[in-house]
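In this note's numbering, the protein residues as written are 14 to 355. Beta carbons: idealized from backbone N, C-alpha and C, even for Gly. First up is the structure itself, then whatever we jot down about it.
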């Protein structure tokens with residue numbers, strides 16, 4: 014009978030022992046092949062968003078739309094105004110949904126959709142100016158109200174490559190961004206007074222004018238988007254991303270006005286005007302996000318973050334209607350995100 018050398022073990026016994034000890038096996042026992050990643054990640058986030066867009070269409074306030082007086086024998090007091098027709102920030106809500114799927118250990122794809130919905134921003138003001146002259150005295154008045162509202166939605170699809178450098182995991186990505194933007198602004202203007210073009214009091218006619226205007230514009234487009242994400246690998250860590258997109262598309266806008274004019278209380282005369290524009294256009298976007306992450310379970314993560322987006326040419330300037338509205342906006346959004354992996 015041939016005896017085994019002391020200390021030797023059967024192959025089966027060695028395999029079992031290695032398995033229990035966690036020693037990798039294979040062609041190269043020192044290293045194991047990377048385990049292929051396969052999983053789906055779902056993220057939902059939301060927050061409050063702020064925009065520096067809103068721009069009044071009455072840059073000189075209600076004083077700037079007071080009826081002008083051309084009669085040289087009339088002396089006017091300084092105009093008096095109340096209320097403000099000033100540019101201000103828009104405030105709205107933000108929400109996003111993301112679905113990602115691993116292709117292998119280092120490649121994945123991701124689809125996400127987000128909306129930015131800004132509430133209606135309103136402003137109103139009035140002004141008056143008292144005049145005295147040889148035959149009579151009178152007061153010209155003006156009041157104006159304006160409202161602005163806009164929202165936009167983004168749709169992204171990209172492929173990403175993941176790698177780890179030290180304690181930081183990176184994901185570089187490239188894909189497409191779709192954009193839909195919709196905006197509306199309305200103005201209501203009422204003036205009462207006279208220009209006193211005659212010297213005879215009988216010719217002093219008081220004119221009441223009411224003008225309602227409505228401007229609308231939409232943009233549809235898509236274009237390339239690239240960026241990089243990062244996160245630190247720990248229970249508590251940091252996350253962040255930067256990206257850029259250039260979007261080409263179509264913008265169509267309309268501007269309608271309805272005017273009613275009444276002289277000395279007589280029957281009003283009414284007329285409407287409408288102008289429109291349909292043209293190819295572009296929108297640029299630079300985006301950055303930074304946040305603090307809590308890995309509350311192996312499959313779950315909570316992020317409190319802050320994102321900033323610079324949007325170039327996203328809104329219509331309405332120059333086809335004689336305006337020069339602001340087109341670039343900056344949005345700032347504190348948000349809360351929940352991520353689950355299956």
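Mapping DSSP to helix, strand and coil, what is residue 298? Against the chain shown, residue 298 aligns to sequence position 285. Looking at residue 298 - three-state DSSP - the assignment turns out to be strand.
As assigned by DSSP and simplified to three states, the class of residue 76: In the chain shown, residue 76 corresponds to position 63, counting from 1. The answer is helix: DSSP assigns residue 76 an H, G or I state.
Can you list, in chain order, the residues of its chain whose CB lies under 7 Å from that of residue 66, leaving out five sequence neighbours each side? For the purposes of this step, residue 66 is identified with residue 53 of the chain shown, where counting begins at 1. Excluding sequence neighbours, residue 66 sits near 103, 328, 339 and 342.
Taking only three categories from DSSP, how would you classify residue 333? Translated into positions along the chain shown, residue 333 becomes position 320. DSSP places residue 333 in helix when its eight states are reduced to three.
Alpha carbons only, please: which of 138, 122, 83 and 57 is nearest the one belonging to residue 95? By one-based count along the chain shown, residue 95 stands at place 82. Nearest option by C-alpha distance: 138.
For residue 194, which residues does DSSP report across the bridge? Taking the first residue of the chain shown as position 1, residue 194 is located at position 181. Beta-bridge pairing links residue 194 to 165 and 232.
Can you check whether the CB of residue 111 is closer than 8 Å to the CB of residue 69? Numbered from 1 along the chain shown, position 56 holds the residue referred to as residue 69. Numbered from 1 along the chain shown, position 98 holds the residue referred to as residue 111. Contact flag unset, no.
Count the other C-beta atoms from every protein chain shown that fall within 10 angstroms of the C-beta of residue 352, then say buried if there are 16 or more, exposed otherwise. In the chain shown, counting from the first residue as 1, residue 352 sits at position 339. Counting Cβ neighbours within 10 Å, residue 352 comes out buried, since at least 16 surround it.
Please classify residue 190 as buried or exposed, where buried requires at least 16 neighbouring CB atoms within 10 angstroms. Along the chain shown, one-based indexing puts residue 190 at 177. Buried is the call here.
Closest by C-alpha distance to residue 264, when choosing among 222, 89 and 232: Working through the chain shown from its first residue, we reach residue 264 at position 251. Answer by Cα proximity: 232.
Under the three-state DSSP convention, the category residue 311 falls into: Here residue 311 refers to the residue found at position 298 when the chain shown is read from its first residue. In the three-state scheme derived from DSSP, where H, G and I count as helix and E and B as strand, residue 311 is classed as coil.
Could you tell me whether the Cβ atoms of residue 297 and residue 325 are closer together than 8 Å? Within the chain shown, the letter at position 284 stands for residue 297. Within the chain shown, the letter at position 312 stands for residue 325. Taking a C-beta distance under 8 Å as the contact criterion, residue 297 and residue 325 qualify as a contact pair.
Per DSSP, what kind of secondary structure is residue 147 in: helix, strand or coil? Working through the chain shown from its first residue, we reach residue 147 at position 134. If DSSP states are grouped into helix, strand and coil, residue 147 belongs with coil.
Residue 83 lies in the beta strand (DSSP E); which residues open and close that run? The residue you call residue 83 lines up with position 70 of the chain shown. Careful: residue 83 lies outside any beta strand (DSSP E) and carries neither H nor E.
What distance in whole Å lies between the Cβ atoms of residue 62 and residue 344, which are believed to be in contact at a cut-off of 8 Å? Within the chain shown, numbered from 1, the residue matching residue 344 stands at position 331. Within the chain shown, numbered from 1, the residue matching residue 62 stands at position 49. Correct: roughly 5 Å between the Cβ atoms.
Residue 331 burial status per 10 Å Cβ neighbour count (16 or more: buried): By one-based count along the chain shown, residue 331 stands at place 318. Its Cβ being crowded by 16 or more others within 10 Å, residue 331 is buried.
Straight-line gap, residue 197 to residue 109 (C-alpha atoms, nearest Å): Reading the chain shown from its first residue, position 184 is the one you call residue 197. Reading the chain shown from its first residue, position 96 is the one you call residue 109. Roughly 23 Å separates the two Cα atoms.
Residue 185 to residue 225, Cα distance in whole Å? Here residue 185 is taken as the residue at index 172 of the chain shown, counted from 1. Here residue 225 is taken as the residue at index 212 of the chain shown, counted from 1. Their Cα atoms are separated by approximately 50 Å.
So, at 6 Å on beta carbons, what are the nonlocal neighbours of residue 50 in its own chain, with the 5 sequence-adjacent residues on each side left out? For the purposes of this step, residue 50 is taken as the residue at position 37 of the chain shown. The pLDDT assigned to residue 50 is 44, lower than 50, so where the model puts this residue is not dependable; a value taken from the coordinates is nonetheless given after this. The answer, listed in chain order, is 115 and 118.
To which residues of the same chain is residue 277 closer than 7 Å at the C-beta, ignoring the five residues directly before and after it? As a first step, residue 277 must be located in the chain shown, where it is residue number 264. Within the same chain, residue 277 has close Cβ partners 218 and 219.
Endpoints, beta strand (DSSP E) assigned at residue 345: Residue 345 sits at position 332 when you count from the first residue of the chain shown. Per DSSP, residue 345 belongs to the beta strand (DSSP E) from 342-354.
Less than 8 Å between the beta carbons of residue 78 and residue 202, yes or no? Against the chain shown, residue 78 aligns to sequence position 65. Against the chain shown, residue 202 aligns to sequence position 189. Yes; because the gap between Cβ atoms is below 8 Å, this pair is in contact.
Pick from 73, 127, 88 and 81: whose alpha carbon is nearest that of residue 59? Translated into the one-based positions of the chain shown, residue 59 becomes position 46. Residue 127 is the option with its Cα nearest to residue 59.
In the DSSP output, what is residue 237 paired with across the bridge? If you number the chain shown from 1, residue 237 lands on position 224. Beta-bridge pairing links residue 237 to 189.
Spatial distance of residue 237 from residue 172 (CA atoms): Working through the chain shown from its first residue, we reach residue 237 at position 224. Working through the chain shown from its first residue, we reach residue 172 at position 159. For residue 237 and residue 172, the distance between alpha carbons rounds to 12 Å.
What separation, rounded to the nearest whole angstrom, lies between the Cα atoms of residue 300 and residue 293? Walking along the chain shown from the start, residue 300 turns up at place 287. Walking along the chain shown from the start, residue 293 turns up at place 280. Going from the Cα of residue 300 to the Cα of residue 293 covers about 24 Å.
Do the stretch 144-151 and the stretch 83-100 make contact, defined as three or more Cβ pairs closer than 8 Å? yes
Alpha-carbon spacing of residue 183 relative to residue 246, whole angstroms: Along the chain shown, one-based indexing puts residue 183 at 170. Along the chain shown, one-based indexing puts residue 246 at 233. Each residue's Cα considered, the two are about 10 Å apart.
Please check the pair residue 240 and residue 255, which I expect to be a contact at CB under 8 Å, by giving their CB distance rounded to whole angstroms. Locating residue 240 in the chain shown gives position 227, counting from the first residue. Locating residue 255 in the chain shown gives position 242, counting from the first residue. About 6 Å separates the two Cβ atoms, so the contact holds.
From what residue to what residue does the beta strand (DSSP E) around residue 57 run? In the chain shown, the residue the question calls residue 57 occupies position 44. 53-64 is the span of the beta strand (DSSP E), which, as asked, contains residue 57.
Measure the alpha-carbon distance for residue 274 versus residue 229 and round it to whole angstroms. To locate residue 274, count along the chain shown from 1; it is residue 261. To locate residue 229, count along the chain shown from 1; it is residue 216. Distance between the alpha carbons of residue 274 and residue 229: 25 Å.
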